[in-house]
Amino acid sequence: MNSRHFHRLAIWSVLLLFAVFFLVPLYVMVSTSLKDMAQVRDGSLLDLPHGLDFGAWRKAWSEACTGTDCGGLKPFFVNSLLMVIPAVLISTALGAINGYVFAKWRFKGSELMFGLMLFGAFMPLQVVLLPMSQVLGWFNLADSIWGLVIVHVLVGLATTTLFFRNYYVGLPDELIRAAMLDGAGFWRIFWRIVLPLSTPILVVTLIWQFTAIWNDFLFGVVFSAGDAKPVTVGLNNMANTSSSVKEYNVDMAAAMIAALPTLLIYVLAGKYFVRGLTAGAVKG
Amino acid sequence: MSSAFATRLARWMPRLAVAPGFALSFAFIYGLIAWNGVLSFSASRLLPNYEFVGLAQYVALFESERWHVALVNLGIFSFLFIGVGLALGLFLAILLDQKIRAEGALRTIYLYPMALSFIVTGTAWKWILNPGLGLEHLVRGWGFESFSFDWLVNPDRAIYTVVIAGVWQSAGFVMALFLAGLRGIDDAILKAAQIDGATLPRIYWRIVIPSLRPVFFSTLLVLAHISIKSFDLVMALTAGGPGFATDMPATFMYAMSFSRGQIGLGAASATIMLCTVAAIVVPYLYSELRGARR
Chain A
1 MNSRHFHRLA IWSVLLLFAV FFLVPLYVMV STSLKDMAQV RDGSLLDLPH GLDFGAWRKA
61 WSEACTGTDC GGLKPFFVNS LLMVIPAVLI STALGAINGY VFAKWRFKGS ELMFGLMLFG
121 AFMPLQVVLL PMSQVLGWFN LADSIWGLVI VHVLVGLATT TLFFRNYYVG LPDELIRAAM
181 LDGAGFWRIF WRIVLPLSTP ILVVTLIWQF TAIWNDFLFG VVFSAGDAKP VTVGLNNMAN
241 TSSSVKEYNV DMAAAMIAAL PTLLIYVLAG KYFVRGLTAG AVKG
Chain B
285 MSSAFATRLA RWMPRLAVAP GFALSFAFIY GLIAWNGVLS FSASRLLPNY EFVGLAQYVA
345 LFESERWHVA LVNLGIFSFL FIGVGLALGL FLAILLDQKI RAEGALRTIY LYPMALSFIV
405 TGTAWKWILN PGLGLEHLVR GWGFESFSFD WLVNPDRAIY TVVIAGVWQS AGFVMALFLA
465 GLRGIDDAIL KAAQIDGATL PRIYWRIVIP SLRPVFFSTL LVLAHISIKS FDLVMALTAG
525 GPGFATDMPA TFMYAMSFSR GQIGLGAASA TIMLCTVAAI VVPYLYSELR GARR
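Written as structure tokens, this is what we have:
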């Protein structure tokens, strides 16, 4: 074996080793969720399950207890769906309009406005928690799904505006000018020219917002109670319920259920997810 | 008359279109920041009140042992999370950049944790690191009877388990950023260096890594930002425990504001977090927007 081959082999082994490191938690989650408690107690972490026993999944979905309430993760999962759909659509739509103006219709002060809005994507959200819970209380939206939707739209607006603005900056100005000469106005240009060219950034923004809002825990735990809790809060409460017997197989099944929507998106549209990540990190 | 109005309306349309979004964001961001600031100067406990007490909450905050633990933890966590994350991410990116077979599959594997909620990964790691049945049990089963790994429940070690889970979650993301940066480097420069007889490690050390400076900078910013805000992972993995051994500023703020009835103190801790983030982010935003205008 010559040294070139040796190098290749060494690189490959290191990369594979890390692949194992990244995959083990997923394997442990899936395999534990398919075991019964006897096997969890007597076997070890990496054992294969004895069979495909979906009992723990069924229990996590519809029977497991969080506190005194034993309806499984299902109601929380439904809450997350009811919250994520309007929040993603509204924040994306508003972000597209903002981005269109900040990129193609700049006016005196518009850069400053953009900068001021952008800070919202960076500020630690702890700073809005206390006042926001009061505001939601005034409007009778505390502990409701709509309250969560509003907060997610407000927080997401900075990110979606940034995404669309950076994308629209890349569209040629001549396109807009030519349309204006043809007599098209602000909205017509948006609907007929800009929006049809927006598919790539629309996909990135929708995926990004879906992932961020689905995975949120902070707002879920602070602004929701009773019947409005999202799935992350349900999962956390389930996994931290102190009962005499800890059912790790049910916890892992619950974690998988909470993870499935974003995992699915990642597998189906990973390319766009990564584009969103990098767009979020390398601004401008 | 009406056509003059229409022209004027058309001219103002862009402003009218951003006005609602901007007004809402502005009120949300700066209005609530100011409000939180007011609360931090008040005597609020279980309920907000507006009795002005000057800096008393900040004094109480910095005299609180728990806040000190949270700051030290943030220091330990940020240092290791950022350091190990950067090193591992860069290392993986450089290896992947060597025209590796199945690069796409490997990238997918490294990056998937980023798609998951910190609550999910925290729950999974809590089970793996569980001293009774997890990793410790596994290694003992391999014949190492005296092996012990109880970091999760050991007050002096628990913060490091948060680092492990945090690095696991975000190393792939750092890898993706560096890989994008590496792909942006002109191959001709590398070829020229190779012809001059430079070895591959030397080329990376002297040419490639220095040219990745902007990527380093934005990655550092994002990781620092994640660590200052980190809340979910700690809540799912240790809930700040044992005791308050793994508290961080974000979990401290939550505990004071929503379970301990110390709203003024919670608001003060949030303000300190804001100042920390602003000190990092504002110069960055300023330079980015400057750069964009040119």
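So the protein sequences, as listed, match chains A and B. In terms of my numbering, the first sequence opens at residue 1 and continues consecutively. In terms of my numbering, the second sequence opens at residue 285 and continues consecutively. Every residue, glycine too, gets a C-beta built ideally from N, C-alpha and C.
DSSP three-state label for residue i, please.
{"i": "alanine 399 of chain B", "result": "helix"}
{"i": "phenylalanine 462 of chain B", "result": "helix"}
{"i": "serine 430 of chain B", "result": "coil"}
{"i": "serine 326 of chain B", "result": "strand"}
{"i": "threonine 66 of chain A", "result": "strand"}
{"i": "phenylalanine 336 of chain B", "result": "strand"}
{"i": "serine 598 of chain B", "result": "Outside the shown range of chain B (285 to 578) lies residue 598 of chain B, about which nothing can therefore be said."}
{"i": "methionine 117 of chain A", "result": "helix"}
{"i": "isoleucine 469 of chain B", "result": "coil"}
{"i": "alanine 563 of chain B", "result": "helix"}
{"i": "tryptophan 105 of chain A", "result": "coil"}
{"i": "phenylalanine 515 of chain B", "result": "coil"}
{"i": "alanine 482 of chain B", "result": "coil"}
{"i": "glycine 456 of chain B", "result": "helix"}
{"i": "phenylalanine 361 of chain B", "result": "helix"}
{"i": "phenylalanine 500 of chain B", "result": "helix"}
{"i": "isoleucine 11 of chain A", "result": "helix"}
{"i": "histidine 50 of chain A", "result": "coil"}
{"i": "lysine 283 of chain A", "result": "For lysine 283 of chain A, the predicted structure reports a pLDDT of 47, less than 50, and the residue's modelled location is therefore unreliable. The matter cannot be settled from this model."}
{"i": "phenylalanine 224 of chain A", "result": "Correcting the residue identity first, residue 224 of chain A is serine in this sequence and not phenylalanine. Three-state DSSP puts serine 224 of chain A in coil, outside helix and strand."}
{"i": "leucine 175 of chain A", "result": "helix"}
{"i": "isoleucine 189 of chain A", "result": "helix"}
{"i": "isoleucine 510 of chain B", "result": "helix"}
{"i": "leucine 331 of chain B", "result": "coil"}
{"i": "methionine 557 of chain B", "result": "helix"}
{"i": "lysine 246 of chain A", "result": "coil"}
Which term fits residue i, buried or exposed, when burial requires 16 or more other beta carbons within 10 angstroms of its beta carbon?
{"i": "threonine 161 of chain A", "result": "buried"}
{"i": "serine 543 of chain B", "result": "exposed"}
{"i": "glutamine 209 of chain A", "result": "buried"}
{"i": "glutamate 247 of chain A", "result": "buried"}
{"i": "serine 3 of chain A", "result": "exposed"}
{"i": "serine 362 of chain B", "result": "buried"}
{"i": "tyrosine 27 of chain A", "result": "exposed"}
{"i": "histidine 50 of chain A", "result": "exposed"}
{"i": "isoleucine 428 of chain B", "result": "It is worth fixing the name first, because residue 428 of chain B is phenylalanine in this sequence and not isoleucine. Phenylalanine 428 of chain B is exposed by the Cβ-count criterion."}
{"i": "glycine 367 of chain B", "result": "exposed"}
{"i": "leucine 17 of chain A", "result": "exposed"}
{"i": "serine 502 of chain B", "result": "buried"}
{"i": "glycine 72 of chain A", "result": "buried"}
{"i": "asparagine 333 of chain B", "result": "exposed"}
{"i": "lysine 271 of chain A", "result": "exposed"}
{"i": "valine 20 of chain A", "result": "exposed"}
{"i": "aspartate 440 of chain B", "result": "exposed"}
{"i": "glutamate 174 of chain A", "result": "exposed"}
{"i": "histidine 5 of chain A", "result": "exposed"}
Among the options, which has the Cα closest to the Cα of residue i?
{"i": "lysine 383 of chain B", "options": "A:Trp214, A:Arg177, A:Ile11", "result": "A:Ile11"}
{"i": "glutamate 335 of chain B", "options": "B:Ser324, B:Leu345, B:Ala344, B:Tyr342", "result": "B:Ser324"}
{"i": "alanine 60 of chain A", "options": "A:Val127, A:Val149, A:Phe18, A:Asp36", "result": "A:Asp36"}
{"i": "leucine 504 of chain B", "options": "B:Leu474, B:Ile469, B:Leu364", "result": "B:Leu364"}
{"i": "alanine 311 of chain B", "options": "A:Pro230, A:Leu154, A:Leu202, A:Ile176", "result": "A:Leu154"}
{"i": "methionine 113 of chain A", "options": "B:Gly545, B:Leu507, B:Leu549, B:Arg299", "result": "B:Arg299"}
{"i": "aspartate 531 of chain B", "options": "B:Ser348, B:Met297, B:Ser286, B:Arg329", "result": "B:Ser348"}
{"i": "arginine 292 of chain B", "options": "A:Gly95, A:Gly185, A:Ile207", "result": "A:Gly185"}
{"i": "isoleucine 145 of chain A", "options": "A:Arg192, A:Val231, A:Ala64", "result": "A:Val231"}
{"i": "alanine 389 of chain B", "options": "A:Met252, A:Leu23, A:Trp214", "result": "A:Leu23"}
{"i": "phenylalanine 285 of chain A", "options": "A:Ile150, A:Asp47, A:Thr211", "result": "Because chain A spans 1 through 284 in this model, residue 285 of chain A falls outside it and cannot be assessed."}
{"i": "asparagine 237 of chain A", "options": "A:Gln126, A:Arg41, A:Leu171, A:Cys70", "result": "A:Cys70"}
With a threshold of 8 Å, establish whether the CB of residue i neighbours any heavy atom of the ligand FMN.
{"i": "glycine 388 of chain B", "result": "Because no ligand of any kind appears in the structure shown, any question about the ligand FMN cannot be addressed here."}
- prompt: In chain order, what residues of the stretch 519-547 of chain B put their CB closer than 9 Å to some CB of chain A?
  reply: Met519, Ala520, Ala523, Pro533, Ala534, Met537, Tyr538, Ser541, Phe542, Ile547
Given 8 Å, three or more beta-carbon pairs between the stretch 54-69 of chain A and the stretch 113-122 of chain A: no
message: Taking contact to mean 3 or more Cβ pairs, one atom from each stretch, closer than 8 Å, check whether the stretch 529-537 of chain B and the stretch 348-366 of chain B are in contact.
response: yes
query: Counting Cβ pairs closer than 8 Å, one from the stretch 442-462 of chain B and one from the stretch 393-400 of chain B, do we hit at least three?
result: yes
- prompt: Listed from N- to C-terminal order along the chain, which residues in the stretch 204-217 of chain A have their beta-carbon within a distance smaller than 9 Å of any beta-carbon of chain B?
  reply: Thr211, Trp214, Asn215, Asp216, Phe217
query: Is the stretch 174-193 of chain A touching the stretch 132-140 of chain A in the sense that three or more CB pairs, one from each, lie closer than 8 Å?
result: no
Interface residues of the stretch 300-322 of chain B facing chain A [CB-CB below 7 Å]: Ala301, Val302, Gly305, Phe306, Leu308, Ser309, Phe310, Phe312, Ile313, Leu316, Ile317, Trp319, Asn320
- prompt: Any chance the stretch 414-431 of chain B sits against the stretch 325-345 of chain B, with 3 or more Cβ pairs inside 8 Å?
  reply: no
message: Could you check whether the stretch 397-408 of chain B touches the stretch 262-275 of chain A, counting it as contact only if at least three pairs of C-beta atoms, one from each stretch, sit closer than 8 Å?
response: yes
- request: Could you run through the stretch 33-53 of chain A and flag, in chain order, every residue whose CB is less than 8 Å away from some CB of chain B?
  value: Val40, Arg41, Ser44, Leu45, Leu46
- request: State whether the stretch 460-475 of chain B contacts the stretch 371-391 of chain B, with contact taken as three or more CB pairs (one from each stretch) at a distance under 8 Å.
  value: yes
query: Is it true that the stretch 200-220 of chain A meets the stretch 514-525 of chain B, where meeting means three or more beta-carbon pairs spaced less than 8 Å apart?
result: yes
- request: Report yes or no: do three or more beta-carbon pairs, one from the stretch 400-419 of chain B and one from the stretch 246-262 of chain A, lie closer than 8 Å?
  value: yes
Near-chain A residues of the stretch 393-417 of chain B - C-beta to any C-beta below 9 Å: Ile393, Tyr394, Leu395, Tyr396, Pro397, Met398, Ala399, Leu400, Ser401, Phe402, Ile403, Val404, Thr405, Gly406, Thr407, Ala408, Trp409, Lys410, Trp411, Ile412, Asn414, Leu417
Short-range partners of chain B found in the stretch 174-202 of chain A, where Cβ spacing is below 9 Å: Gly185, Phe186, Trp187, Phe190
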